[in-house]
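K.L.:
If you scroll down you'll find the structure; I have some questions about it.
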Amino acid sequence: MEINNSNDLKELFQFIETIDFKDINSIFLKYRGKSLGFDLNFAMTQVEARNKTKKKLASFFKLNPNFLFPSSIAAQQSTHQCVAAFHALLIGKDKNVADLTAGLGIDALSFALNGNQVTAVELDVTRFNCLEYNIGNLTKQIIDNGGSIVAVNNNCLDWLRKLNKPTDCIYIDPARRDDANNRIFKFSDCKPDIISNYNLLLNCSDTLIVKGSPLLDIKQTLTDLPLTSKIILTCLNGECKEVLVISKNRDTLESQGKVDIYAVDLYDRLDGVAEFKSIWKCTSQDIGKNDPSIIPGDKLTNMYLYDPNVALHKLRVGKKICEDFKGMSQIGSHTDFFISESYYPNFPGRVFQIKDTIQKKDLKNLKGQNIEVITRNYPLKADEIRKKYLLKSGDNDFIIGFRAGEKNIPTLVLCKKMSPESQTVSNADIQRLLS
Numbered sequence: 102m103e104i105n106n107s108n109d110l111k112e113l114f115q116f117i118e119t120i121d122f123k124d125i126n127s128i129f130l131k132y133r134g135k136s137l138g139f140d141l142n143f144a145m146t147q148v149e150a151r152n153k154t155k156k157k158l159a160s161f162f163k164l165n166p167n168f169l170f171p172s173s174i175a176a177q178q179s180t181h182q183c184v185a186a187f188h189a190l191l192i193g194k195d196k197n198v199a200d201l202t203a204g205l206g207i208d209a210l211s212f213a214l215n216g217n218q219v220t221a222v223e224l225d226v227t228r229f230n231c232l233e234y235n236i237g238n239l240t241k242q243i244i245d246n247g248g249s250i251v252a253v254n255n256n257c258l259d260w261l262r263k264l265n266k267p268t269d270c271i272y273i274d275p276a277r278r279d280d281a282n283n284r285i286f287k288f289s290d291c292k293p294d295i296i297s298n299y300n301l302l303l304n305c306s307d308t309l310i311v312k313g314s315p316l317l318d319i320k321q322t323l324t325d326l327p328l329t330s331k332i333i334l335t336c337l338n339g340e341c342k343e344v345l346v347i348s349k350n351r352d353t354l355e356s357q358g359k360v361d362i363y364a365v366d367l368y369d370r371l372d373g374v375a376e377f378k379s380i381w382k383c384t385s386q387d388i389g390k391n392d393p394s395i396i397p398g399d400k401l402t403n404m405y406l407y408d409p410n411v412a413l414h415k416l417r418v419g420k421k422i423c424e425d426f427k428g429m430s431q432i433g434s435h436t437d438f439f440i441s442e443s444y445y446p447n448f449p450g451r452v453f454q455i456k457d458t459i460q461k462k463d464l465k466n467l468k469g470q471n472i473e474v475i476t477r478n479y480p481l482k483a484d485e486i487r488k489k490y491l492l493k494s495g496d497n498d499f500i501i502g503f504r505a506g507e508k509n510i511p512t513l514v515l516c517k518k519m520s521p522e523s524q525t526v527s528n529a530d531i532q533r534l535l536s
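According to the working numbering, the sequence shown is numbered sequentially starting from 102.
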């Protein structure tokens with residue numbers, strides 16, 4: 102289908118407005134073989150992509166109802182609007198920015214809408230054509246916000262080698278699928294290879310932001326990318342979305358011996374604004390250092406149990422957590438739960454109050470009730486307990502299983518989830534993160 106053909110696209114979007122998004126297969130069978138003035142498969146791609154991203158990209162649909170998708174995969178792989186808005190905050194305003202792996206363009210468009218001058222480089226022709234079309238529909242909003250954007254259909258490394266002068270910031274999200282479509286996460290295995298091209302990337306920018314997989318080995322990354330100045334783990338909806346590795350070409354960081362690491366948790370907002378649920382900081386020297394404690398089972402009642410967000414679980418920084426929250430202890434060296442007599446509503450994660458310690462044999466008395474189950478480093482998985490005792494989903498009551506103390510004693514507790522209070526992240530914390 103000719104993406105630049107305005108008549109075809111007009112008919113395409115008129116068609117999309119009239120159909121039921123919930124019954125794609127029936128629609129395809131109904132119109133297959135008929136002369137429609139546009140490609141039916143491409144139309145179904147638009148419907149499928151919209152189904153996948155109606156919340157994820159809601160603010161972009163509001164700005165551009167005729168947002169065009171090159172493929173369903175591109176929609177699936179696109180950056181969440183709130184995460185992209187956070188990336189734009191990191192970069193700031195009035196910068197020359199190069200997004201070297203533009204894809205669907207959510208990050209590049211967010212940079213431009215935040216008042217930056219953006220070059221969006223995309224190798225795939227179909228993705229490039231859709232990006233150009235979407236840029237055209239958002240040009241007025243971008244200009245009104247003081248930004249600009251141009252799309253370039255090229256290999257990003259070739260484009261860099263011809264760059265006349267360094268840009269303020271390079272953002273790159275290397276492909277994390279191999280030729281057999283298997284997931285990969287090492288920067289050396291990605292395309293482009295970040296490690297081999299690290300010097301080129303830094304020579305062409307003041308700041309380099311590399312988006313990595315949540316599975317990225319942070320300690321190895323600090324060895325592979327020695328001019329790393331900051332690492333950010335971004336979380337949304339209980340999931341670690343990415344590891345951002347930020348390098349500065351003017352810094353000599355090897356002598357410092359440590360790099361600041363931030364765990365950022367964002368609210369999922371339909372308006373696409375980057376609002377912080379929590380920001381927590383440690384350093385590379387804190388990674389892997391836990392602080393186990395011995396908690397007698399009969400002393401758990403009425404204490405508060407803390408379940409860190411997924412970024413803190415990845416970092417395994419128990420000792421640092423206990424230092425930051427006075428009176429807090431880690432339940433066990435291999436159990437990422439924490440306990441305290443004090444209630445910390447600003448803890449980066451979920452908070453529970455322990456109502457009672459229960460024995461495994463007591464679970465039968467809870468059969469069929471509305472109780473959620475969480476286990477970590479416990480002999481039984483949560484699903485096994487849930488199925489065996491026919492437990493149904495609940496809101497505030499939880500059974501939590503774990504191993505406690507130096508002897509790793511299997512322990513079950515009945516908890517009440519504390520209602521999340523409205524947390525205000527300080528401007529100082531935000532500025533420290535963004536600096």
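From the three backbone atoms N, C-alpha and C, an ideal C-beta is built for every residue, glycine too. As the structure is a computational prediction, the values presented were derived from the model and not from experiment.
#1: Should the region 245-259 be regarded as contacting the region 176-191, the criterion being three or more beta carbon pairs within less than 8 Å?
#2: Can you round the beta-carbon distance between Cys-516 and Phe-499 to whole angstroms, since I take them to be within the 8 Å contact cut?
#3: Check whether the region 413-422 and the region 460-474 touch, using three or more Cβ-Cβ pairs below 8 Å as the test.
#4: Exposed or buried, what is Asp-251 when buried is set at 16 or more other beta-carbons lying within 10 Å of its beta-carbon?
#5: Should the region 200-213 be regarded as contacting the region 173-182, the criterion being three or more beta carbon pairs within less than 8 Å?
#6: If you drop the 5 nearest sequence neighbours on each side, which residues of the same chain put their C-beta closer than 8 Å to that of Leu-354?
#7: In the structure shown, what three-state DSSP assignment does Asn-197 receive?
#8: Over what stretch of residues does the alpha helix (DSSP H) that includes Asp-325 continue unbroken?
#9: Give the secondary structure of Asp-530 by DSSP, where H, G and I count as helix, E and B as strand, and everything else as coil.
#10: When we look at the beta-carbon of Tyr-444 and count the other beta-carbons within 10 Å, is it buried (16 or more) or exposed?
#11: What do you reckon, are the CB atoms on Val-198 and Cys-270 nearer than 7 Å?
#12: Identify the residues that DSSP records as bridge partners of Leu-491: which are they?
#13: For a quick check, are the C-beta atoms of Leu-317 and Asn-235 less than 7 Å apart?
#14: How is Gly-247 classed by DSSP in three states: helix, strand or coil?
#15: According to DSSP, simplified to helix, strand and coil, what is Asn-152?
#16: Could you tell me which residues DSSP puts in a beta bridge with Leu-334?
#17: Mapping the DSSP letters down to three states, classify Ser-434 as helix, strand or coil.
#18: So, for Asp-530: in the same chain, excluding its five sequence neighbours on each side, which residues have a beta-carbon less than 7 Å away from its beta-carbon?
#19: Evaluate Ile-422 with the Cβ neighbour count: other Cβ atoms within 10 Å of its Cβ, from every protein chain shown; 16 or more gives buried, anything less gives exposed.
#20: Do three or more CB pairs link the region 374-390 to the region 301-308 at distances below 8 Å?
#21: When the Cα atoms are used, what is the spatial distance from Ser-356 to Asn-350?
P.N.:
So, from the listed chains and residues:
#1: No, the region 245-259 is not in contact with the region 176-191.
#2: Taking the first residue of the sequence shown as 1, we reach residue 516 at position 415. Taking the first residue of the sequence shown as 1, we reach residue 499 at position 398. Their Cβ separation, rounded to whole angstroms, is 5 Å, which keeps Cys-516 and Phe-499 in contact under 8 Å.
#3: Taking 8 Å as the limit for Cβ pairs, the verdict is that the region 460-474 does not touch the region 413-422.
#4: To locate residue 251, count along the sequence shown from 1; it is residue 150. Checking the displayed sequence, the identity of residue 251 turns out to be Val instead of Asp. Exposed: under 16 other Cβ atoms inside 10 Å.
#5: At 8 Å Cβ cutoff, the stretches touch.
#6: The count along the sequence shown starts at 1 and reaches residue 354 at position 253. Residue placement at Leu-354 cannot be trusted, given a pLDDT of 46 that sits under 50; what the coordinates show is reported in the next sentence. Result list for Leu-354: Pro-327, Leu-328, Thr-329, Ser-330 and Val-360, in chain order.
#7: In the sequence shown, residue 197 corresponds to position 96, counting from 1. Asn-197 falls in the strand class under three-state DSSP.
#8: Here residue 325 corresponds to residue number 224 of the sequence shown, with the count starting at 1. Run containing Asp-325: 319-325, per the alpha helix (DSSP H) assignment.
#9: The residue labelled residue 530 in the question sits at position 429 within the sequence shown. DSSP places Asp-530 within a helical segment (H, G or I) once states are collapsed to three.
#10: As a working mapping, residue 444 is identified with position 343 in the sequence shown. In summary, Tyr-444 is exposed, with fewer than 16 beta-carbon neighbours lying within 10 Å of its beta-carbon over all protein chains present.
#11: Position 97 of the sequence shown, counted from the first residue, corresponds to residue 198. Position 169 of the sequence shown, counted from the first residue, corresponds to residue 270. Less than 7 Å divides the Cβ of Val-198 from the Cβ of Cys-270.
#12: Locating residue 491 in the sequence shown gives position 390, counting from the first residue. In DSSP, Leu-491 forms no bridge with anything.
#13: Within the sequence shown, residue 317 is the residue found at index 216, counting from 1. Within the sequence shown, residue 235 is the residue found at index 134, counting from 1. One thing to note: Leu-317 has its Cβ no nearer than 7 Å to the Cβ of Asn-235.
#14: In the sequence shown, counting from the first residue as 1, residue 247 sits at position 146. Coil, per DSSP.
#15: Looking up residue 152 in the sequence shown gives position 51. Helix.
#16: By one-based count along the sequence shown, residue 334 stands at place 233. Checking the DSSP bridge columns, you'll see Leu-334 partnered with Val-344 and Ala-364.
#17: Locating residue 434 in the sequence shown gives position 333, where the first residue counts as 1. Of the three classes helix, strand and coil, the one that applies to Ser-434 here is coil, per DSSP.
#18: Within the sequence shown, residue 530 is the residue found at index 429, counting from 1. The residues are Ile-380.
#19: Counting from one through the sequence shown, the residue named residue 422 turns up at place 321. Result: buried.
#20: Contact between the region 374-390 and the region 301-308 is absent: fewer than three C-beta pairs spanning the two stretches fall below 8 Å.
#21: Along the sequence shown, one-based indexing puts residue 356 at 255. Along the sequence shown, one-based indexing puts residue 350 at 249. In this prediction, Ser-356 has a pLDDT of 44, which is less than 50 and means its spatial position is unreliable; what the coordinates show is noted afterwards. Our two residues, Ser-356 and Asn-350, have alpha carbons roughly 15 Å apart in a direct line.
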